[in-house]
Amino acid sequence: MSSSAVGKKKKGFAANIKSKIRGFFGSRSAFKPAGEIRRSKRQRKPLPPHARTALKWAVYVLAGFAFYAAATSGAAGSSKGLMLLPLGCAIAMFSGEISASVTGFVAGILLDMASGQLIGFSSFYLCIVLGLACAMFRQFFRKNLINFEILTLAVCLAYYYIVYFFYYRIWDYEGYGLVLTTRLVPSFIKTMVGSPFIFGGVWLTEKLSRGTRQLEIEEQDDKIDRV
């Protein structure tokens with residue numbers, strides 16, 4: 042028998058043994074290279090869009106109630122940052138007009154409950170303002186931190202002035218100047234200081250809940266005729 046025939050016979054015998062071992066273990070994954078195994082583990086099926094959207098809004102609801110609890114905690118009459126205002130502004134930037142208006146309505150009710158104000162006072166204001174802000178960001182402005190801070194500043198200034206005027210100044214409330222300097226102004230400052238962190242959290246949530254392709258399209262669209 043020639044040497045080539047002996048070599049072929051040995052190769053066939055080795056292949057037969059290897060196939061029997063693979064059949065015994067029932068899978069070929071044990072014989073894959075380490076790099077291929079790591080790649081297969083990374084390629085996991087993403088969540089469907091509806092599940093990502095539901096998870097995103099669940100995060101926003103939990104954040105809203107957490108900020109409501111923070112606004113109602115502590116000593117009565119102390120100044121607290123109203124983080125529901127920048128949260129509503131950030132959500133309005135990345136959502137549709139209807140979602141922004143509903144967000145403003147719910148955030149306003151929570152604000153009224155936390156501040157002991159007439160229910161519906163803040164919700165009416167935020168429902169209209171956040172709906173208009175969302176429409177403006179969809180058409181004219183880019184969704185970045187600078188524009189968010191400008192929006193939050195305008196919304197908070199108008200909100201605190203309305204509260205000050207209709208709840209204290211118009212009724213010639215005794216000590217209304219003291220309320221302005223010891224409660225409203227510190228609360229406004231705390232709200233503005235915490236707003237960039239809220240924007241970062243909402244931006245990250247939106248980024249994780251959307252597909253990469255959709256984010257690239259929206260980022261390119263934001264660069265067209267927007268400031």
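Heads up: the sequence shown begins at 42 in the working numbering, then just goes up one per residue. No residue lacks a Cβ here, since even glycine has one placed at the ideal position from N, Cα and C. For clarity, every value in this text was computed on a predicted model and none was experimentally measured.
Using beta-carbon positions only, say whether residue i and residue j come within less than 8 Å of one another.
| i | j | result |
| --- | --- | --- |
| Y200 | L126 | yes |
| G129 | T144 | yes |
| T232 | G105 | no |
| S228 | S120 | yes |
| A131 | F178 | no |
| L167 | F146 | yes |
| V196 | V170 | yes |
| S236 | R93 | no |
| A176 | E138 | yes |
Spatial neighbours of residue i within its chain, please: CB distance less than 8 Å, with the 5 preceding and 5 following residues excluded, ordered by chain position.
| i | result |
| --- | --- |
| G67 | In this prediction, G67 has a pLDDT of 49, which is less than 50 and means its spatial position is unreliable; nothing more can be read from the coordinates. |
| F65 | Interpretation of F65 is limited by its pLDDT of 44, a score under 50 that renders its predicted location unreliable; no figure is taken from the coordinates. |
| L198 | F229 |
| V234 | G122 |
| L194 | M233 |
Going by DSSP in three states, residue i sits in which element: helix, strand or coil?
| i | result |
| --- | --- |
| E247 | helix |
| P237 | helix |
| L123 | coil |
| K184 | coil |
| D153 | helix |
| I191 | helix |
| P90 | helix |
| F135 | coil |
| L324 | The requested residue 324 is not part of the displayed model; the chain covers only 42 to 268. |
| S114 | coil |
| F146 | helix |
| I211 | coil |
| V47 | Here V47 scores only 49 on pLDDT, less than 50, and its place in the model should not be relied on; the value that follows carries that caveat. V47 falls in the helix class under three-state DSSP. |
Here's the rule I'm using: 16 or more other beta-carbon atoms within 10 Å means buried, otherwise exposed. How should residue i be labelled?
| i | result |
| --- | --- |
| A141 | buried |
| I150 | buried |
| A99 | exposed |
| I230 | exposed |
| L152 | buried |
| V204 | buried |
| G172 | buried |
| L240 | Position check: residue 240 holds Phe in this sequence, whereas Leu was assumed. Buried: at least 16 other Cβ atoms inside 10 Å. |
| F72 | Only weak support exists for where F72 lies, its pLDDT of 47 falling under 50; the value from the coordinates is given anyway. Counting Cβ neighbours within 10 Å, F72 comes out exposed, since fewer than 16 surround it. |
| P89 | exposed |
Going along the chain, which residues of its own chain have a beta-carbon closer than 6 Å to the beta-carbon of residue i, five neighbours each way excluded?
| i | result |
| --- | --- |
| A174 | A133 and L192 |
| S163 | G149, L152 and D153 |
| R224 | S120 |
| F97 | A small correction: the amino acid at residue 97 is Lys; Phe does not occupy that position in the sequence shown. Taken in chain order, the residues that qualify are T246 and S250. |
| I211 | none |
| D266 | In this predicted model, D266 has a pLDDT of only 48, less than 50, meaning its place in the structure is not dependable; the value taken from the coordinates is given anyway. Excluding sequence neighbours, D266 sits near nothing in its chain. |
| L103 | none |
Got a sec? Which residues, its chain only, sit under 7 Å from residue i by beta carbon, not counting five neighbours each side?
| i | result |
| --- | --- |
| F41 | Outside the displayed range of the chain (42 to 268) lies residue 41, so it cannot be described from this structure. |
| F108 | M124, L125 and L128 |
| A155 | Y109, A112 and T113 |
| S81 | The predicted model places S81 with a pLDDT of 48, which falls under 50 and marks its position as unreliable; any figure quoted below should be read in that light. Once the five neighbours on either side are set aside, S81 has no close Cβ partner at all. |
Confirm the yes/no value for this check: CB of residue i, any heavy atom of the ligand SAM, distance under 7 Å.
| i | result |
| --- | --- |
| L173 | Looking at this structure, you won't find the ligand SAM or any other ligand, since it has none at all. |
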